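Residue numbers (our numbering): 4 to 103.
So this is what it looks like as structure tokens:
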């Protein structure tokens, strides 16, 4: 096989995470917090690590507090290289926010 056919047959493996939307004030962009927990080396206590990334939201469908699934993609801008796949769970709204 040639290298061209090998490249065509390879499947790209992309990283995917589930996180919480922290901000959606920008047009077609959201800020997502990804929380992972890893054990500390000596004491084996689990420590939470939070990573904040910007993701591309084509339809502006996510709002703050939503649980979303994001996947790695090509760089869209200087800080955006993640894309929104789906909104898993909508955030619950308070009655005061719903009337305002």
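Quick reminder that beta carbons are idealized off the backbone N, C-alpha and C, glycines included. Note that the coordinates shown come from a computational prediction; the quantities given were computed from them, not determined experimentally.
In the same chain as residue 88, and ignoring 5 residues on each side of it, the C-beta atoms closer than 8 Å to its own belong to 19, 71, 72, 73 and 74, in chain order. Distance from residue 66 to residue 50 at the Cβ level is roughly 29 Å; contact not present, criterion being Cβ atoms closer than 8 Å.
Only residues of its own chain outside the window of five on either side were considered, and among them 33, 34, 60, 63, 65, 66 and 67 have a CB closer than 8 Å to the CB of residue 27, listed in chain order. Selection 42, 47, 29 and 22 evaluated against residue 54 yields 22 as nearest (Cα-Cα). Counting along the chain, the unbroken beta strand (DSSP E) around residue 49 starts and ends at 49–59. For residue 74, the enclosing beta strand (DSSP E) stretches over residues 70–75. Within the same chain, 51 and 53 come within 6 Å of residue 38 by CB-CB distance, once the 5 residues on both sides are set aside. Nearest Cα to residue 16 within the set 29, 48, 25 and 77: 77.
Annotation: the continuous beta strand (DSSP E) that includes residue 89 extends over 83–92.
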